[in-house]
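Reviewing the structure listed below.
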Amino acid sequence: MKEEARSSAPRRMAMLVALAVVAVLSLGLLAACGSNGSGSSGGGGAAATDETTMTTKTLVKTAANELALVDWDVTDADSPLTISSDDPKYAEYVEDLSKLTGYNIESLTMQVSITTVQGAEIGATHEFTYENTYTVDSLEAVVDSKTITYKDGDFK
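Following numbering that gives the first Met the number 0, the numbering of the sequence shown begins with 0 at its first residue and continues without gaps.
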């Protein structure tokens, strides 16, 4: 029994490492497909706008996903919130976006709507938790020396 328990921990660790390697390789493959502009577009159309559109979609979706992880002291009363690369309060957030996307984000300004929802009650104190959800309403950025813009609904 003890030998089984000892061997399962390294096995689990090896499986986690293997899973992480696969995830990193998959992300790299997806990034490579999107960055060369040759994807599987079916052969026609405006190839020049495809790269810009993909960059915009990637940045907006990554920004929205990362907003779910931030812990800023804001509520729905602060909505709409302006997030700017010029504001030191958001510098780390913009830097994280740059690292996650692999883009050189030279400047970024986005308007974000905040909705605050009540969460679960904490039994000991009878206080309620509150969670913010964010929606990217608009985004203007200079990414890899290209200007990109987004307004809510552009990709629906």
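Quick reminder that beta carbons are idealized off the backbone N, C-alpha and C, glycines included.
**Q.** Pick from Asn131, Val135, Met53 and Asp143 that is closest to Ser83, judged by C-alpha positions
**A.** Counted from its first residue, the sequence shown places residue 83 at position 84. Checked all of Asn131, Val135, Met53 and Asp143; the closest Cα to Ser83 is Val135.
Q: Could you pull the start and end residues of the beta strand (DSSP E) that Asp136 belongs to?
A: Here residue 136 refers to the residue found at position 137 when the sequence shown is read from its first residue. Segment Glu126 to Val142, the beta strand (DSSP E) holding Asp136.
Q.
Rounding to the nearest angstrom, what Cα-Cα distance links Thr124 and Val73 in this structure?
A. Numbered from 1 along the sequence shown, position 125 holds the residue referred to as residue 124. Numbered from 1 along the sequence shown, position 74 holds the residue referred to as residue 73. Per the coordinates, the alpha-carbon of Thr124 lies some 22 angstroms from the alpha-carbon of Val73.
(Q) Tell me which residue opens and which closes the beta strand (DSSP E) that Lys98 is part of. (A) Here the question's residue 98 lines up with position 99 in the sequence shown. Counting along the chain, Lys98 falls outside any beta strand (DSSP E), though it belongs to the alpha helix (DSSP H) covering Ala90 to Thr100.
Q) Can you tell me whether DSSP reads Leu107 as helix, strand or coil? A) Residue mapping note: residue 107 aligns to position 108 of the sequence shown, counting from 1. In the structure shown, Leu107 adopts extended strand secondary structure according to DSSP, grouped into three states.
Q | Reduced DSSP secondary structure (H/G/I, E/B, other) of Val116 | A | One-based indexing of the sequence shown puts residue 116 at position 117. Per DSSP, reduced to three states, the secondary structure at Val116 is strand.
Q) How many angstroms separate the CA atom of Ser106 from the CA atom of Ser137? A) Here residue 106 refers to the residue found at position 107 of the sequence shown. Here residue 137 refers to the residue found at position 138 of the sequence shown. Roughly 14 angstroms between the two C-alpha positions.
Q.
Could you check whether Val116 and Leu66 sit closer than 8 angstroms to each other, using their CB atoms as the reference points?
A. Counting from 1 along the sequence shown, the entry for residue 66 is found at position 67. Counting from 1 along the sequence shown, the entry for residue 116 is found at position 117. No, these two residues do not count as a Cβ contact at 8 angstroms.
**Q.** Secondary structure of Thr81, DSSP reduced to three states
**A.** For this step, residue 81 is matched to residue 82 along the sequence shown. Collapsing the DSSP output to three states places Thr81 in a strand.
Q | 8 angstroms Cβ shell around Lys158 - same chain, five flanking residues per side excluded | A | Since the first residue shown for the chain is 0 and the last is 155, residue 158 is missing from the structure and cannot be characterised.
(Q) Between which two residues does the beta strand (DSSP E) holding Thr74 run? (A) Numbered from its first residue, the sequence shown carries residue 74 at position 75. No beta strand (DSSP E) contains Thr74, which DSSP labels as neither H nor E.
Q: Buried or exposed for Tyr129, please, with buried defined as at least 16 other CB atoms from any protein chain shown within 10 angstroms of its CB.
A: Here residue 129 refers to the residue found at position 130 when the sequence shown is read from its first residue. Exposed.
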